[in-house]
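Here is the structure we will look at, set down as structure tokens.
Residue numbers (my numbering), protein chains in the order written: chain A, 16 to 266; chain B, 10 to 401.
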């Protein structure tokens, strides 16, 4: 797992070296510093009917900073890459019915079907390397799309099932009520079950309204699940971030 | 390329769904059908309830999720040949034979099958209506010789005990909190539970109660230990997590006037008493509980009640207590003999009508309900006697 950390760095170095080898190419290279506000979350592959209502969804104060380079290859097409640092989290409170849940602590586990409310919080810090194709609609407007690889430097995923009841093991198992306060509710903590490595697709739109300043919107969607394979405590979740921000042209 | 377009499309669909989630809920689809198949309550309506039941409140039973046997205790001369129990069921569930259908209970229990709304789950219940005459022996004997592994849901593996009733059959009057311990320590072996049999007790088998560490779950829930306990009454697993002091429902209806409470015990306090947060309390030695409480089982408003972990020694309904008080540590079997101290006279009519209940409570850590005690404290109990007087 640890080796993957270096894949990003090597890939970046490879791109830089290739670019540095061609002085003429470097002349047309554009470099931006970017700052964005990120709405981060994790989503199930399908929103199933077991989630009955979202009581509250807190986007949190998340941001992304990056240095990104764009290399025009011809009038319309170019290559785009960079290095991003993203801080994202979410806090979702939802009401569920017949929801499969498993709480694990050490060797002990408690699982079954839950009816009630589930609060899920997550916080992640991610270093991301995007590799994208750029399409220049006009000198001001640019579309980007491609893939990214991300490495989580910090990962938290926790929450609790509350104000409801668990049918332990199966719908006809013992009924165990869960209250609202710590100790009465069912807490879970899945930090260690999260993957370090994420990869996926992203799309973006750039609008250079000024010689140096621009606005951008970017959407990234993780294609591998948030959790390691074999993890079944919660359904498969995919990381997804939307970012709105400003860019400043350094070169 | 088409793959990438597909991925991008998927991304946008997800984004649209997030937006809808934020706005409201139309992404969620129809509510899933119910998958539970419980009888939640059972009620018997009869023409003259006062001639049929001992207490008016006996006509309705709240059924625990762990129960599959529902038994109505009625007067010995009650006619049980044509009765129509009415049930409340899990949301959308159905029962066969139907709720409210007429059956002859004089031939024994009637079996009902409940099917969940989604049709995927079933539970079977045995309902009986038992005409009963209470012949309480002058001395009730509890020897703890009848125990077995609980196998109700196939996943449970701890010991339960049966008492010998007046007619020689086995009853289920003794309960423990073993089922609650299982929530936190699902991997525990039967002999690792707080309440276990001791093969060689004072006389035959005894029961051994030990305060246990509740492991990582217990720590997470700030319920770091489980005292070994045993009591006359029922344990309600439903609220073991959310309201643990009310999960221990102390007492069973009792139709004689208890006089003395005797038995044999050994007690070895564990090495270190810990507080609620698991920190050691220096200089304190753990103490055990050995007591019996006789109380009126209907409150001032006429509602049937039991005593709980938070009022078993303080309720205004208490009529008499036989409390051993300080349980002197001993590794040798020691006898105890405690008289019931009465606070009020016993009403004979109420006694006959099952208006009193008796609770006997043993615990290896007296403050176990507050999660204070010493892990390893061990209270063993054998040959318990309850000596009563009958006033004919």
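Positions of the beta carbon are idealized from the N, C-alpha and C atoms, including for glycine.
For clarity, every value in this text was computed on a predicted model and none was experimentally measured.
Check: What do you get for residue 251 of chain B, buried or exposed, if any count of 16 or more other CB atoms within 10 angstroms of its CB means buried?; Outcome: buried
Check: I'd like to confirm the pairing. Which residues does DSSP put opposite residue 92 of chain B in its beta bridges?; Outcome: B/112
Check: Can you tell me whether residue 274 of chain B is buried or exposed? The criterion is at least 16 other CB atoms within 10 Å of its CB, across all chains shown.; Outcome: buried
Check: At a Cβ cut of 8 Å, what residues of the segment 182-196 of chain A count as close to chain B, listed as they run along the chain?; Outcome: 182, 183, 184, 185, 186, 187, 188, 189, 190, 191, 192, 193, 194
Check: With H, G and I counted as helix, E and B as strand and the rest as coil, what does DSSP make of residue 189 of chain B?; Outcome: helix
Check: If you reduce the DSSP assignment to three classes, tell me which class residue 240 of chain A lands in.; Outcome: coil
Check: Taking residue 258 of chain A as the reference, give the member of A/86, A/99, A/114 with the closest Cα.; Outcome: A/99
Check: So is residue 222 of chain B in contact with chain A if we call contact Cβ pairs under 9 Å?; Outcome: no
Check: Could you give the distance in angstroms between the alpha-carbon of residue 53 of chain B and the alpha-carbon of residue 376 of chain B?; Outcome: 40 Å
Check: Along the chain, where does the beta strand (DSSP E) that runs through residue 227 of chain B open and close?; Outcome: Where residue 227 of chain B is concerned, there is no enclosing beta strand (DSSP E), although the alpha helix (DSSP H) it sits in stretches over 224-229.
Check: Do you know how far the Cα of residue 333 of chain B is from the Cα of residue 292 of chain B?; Outcome: 23 Å
Check: Kindly give me the distance between the Cβ atoms of residue 347 of chain B and residue 297 of chain B, rounded to whole angstroms, as I take these residues to be in contact under 8 Å.; Outcome: Not really, about 14 Å apart at Cβ, beyond 8 Å.
Check: Going along the chain, which residues of its own chain have a beta-carbon closer than 8 Å to the beta-carbon of residue 407 of chain B, five neighbours each way excluded?; Outcome: The structure shown does not extend to residue 407 of chain B, since chain B is modelled only from 10 through 401, so no value can be given for it.
Check: For the segment 51-75 of chain B, list every residue whose C-beta sits within 7 Å of some C-beta in chain A, in sequence order.; Outcome: 74, 75
Check: Scan the segment 59-92 of chain A for residues whose Cβ lies nearer than 8 Å to a Cβ of chain B and list them as they occur along the chain.; Outcome: 62, 63, 64, 65, 66, 67, 68, 69, 72
Check: In chain order, what residues of the segment 229-254 of chain B put their CB closer than 8 Å to some CB of chain A?; Outcome: 229, 230, 231, 232, 246, 247, 248, 249, 250, 251, 252
Check: Counting pairs of beta carbons, one from the segment 147-159 of chain A and one from the segment 191-198 of chain A, are three or more of them closer than 8 Å?; Outcome: no
Check: What are the residues in the segment 106-122 of chain A lying within 7 Å of chain B by C-beta distance?; Outcome: 112, 113, 120, 121, 122
Check: Is it the case that the Cβ atoms of residue 192 of chain B and residue 191 of chain A are separated by a distance below 9 Å?; Outcome: yes
Check: Answer yes or no: does any C-beta atom of chain A fall closer than 9 Å to that of residue 226 of chain B?; Outcome: yes
Check: Given a cut-off of 9 Å, decide if residue 57 of chain A and residue 253 of chain A are closer than it, judged by their beta-carbon atoms.; Outcome: yes
Check: Could you pull out every residue in the same chain whose Cβ sits closer than 8 Å to the Cβ of residue 312 of chain A, ignoring the five residues on either side in sequence?; Outcome: There is no way to answer for residue 312 of chain A, as the model of chain A reaches only from 16 to 266.
Check: Pull out every residue of the segment 90-113 of chain B whose Cβ sits closer than 8 Å to any Cβ of chain A, in chain order.; Outcome: none
Check: Taking 9 Å as the CB-CB limit, is residue 220 of chain A close to chain B?; Outcome: no
Check: Show which residues of chain B have a CB atom less than 7 Å away from the CB atom of residue 128 of chain A.; Outcome: 44
Check: Per DSSP, what kind of secondary structure is residue 193 of chain A in: helix, strand or coil?; Outcome: strand
Check: Taking 9 Å as the CB-CB cut-off, is residue 202 of chain A touching chain B?; Outcome: yes
Check: Listed from N- to C-terminal order along the chain, which residues in the segment 140-158 of chain A have their beta-carbon within a distance smaller than 8 Å of any beta-carbon of chain B?; Outcome: none
Check: Shorter than 9 Å from the beta carbon of residue 96 of chain A to some beta carbon of chain B?; Outcome: no
Check: Within the same chain, show all residues whose beta-carbon is closer than 6 Å to that of residue 87 of chain A, passing over the 5 residues directly before and after it, in chain order.; Outcome: 43, 93
Check: Express the C-alpha separation of residue 150 of chain A and residue 90 of chain A in angstroms, rounding to a whole number.; Outcome: 9 Å
Check: For the candidate residues A/185, A/101, A/113, whose alpha-carbon lies nearest to that of residue 15 of chain A?; Outcome: Residue 15 of chain A cannot be examined here, being either before or after the span of chain A that is shown, 16 to 266.
Check: Taking 9 Å as the CB-CB cut-off, is residue 252 of chain A touching chain B?; Outcome: no
Check: Among all the DSSP beta bridges, which residues are the ones paired with residue 164 of chain A?; Outcome: A/144, A/214
Check: Taking all protein chains shown into account, decide if residue 283 of chain B is buried (16 or more other Cβ within 10 angstroms of its Cβ) or exposed.; Outcome: buried
Check: Since residue 58 of chain B is in the alpha helix (DSSP H), which residue starts that stretch and which ends it?; Outcome: 58-61
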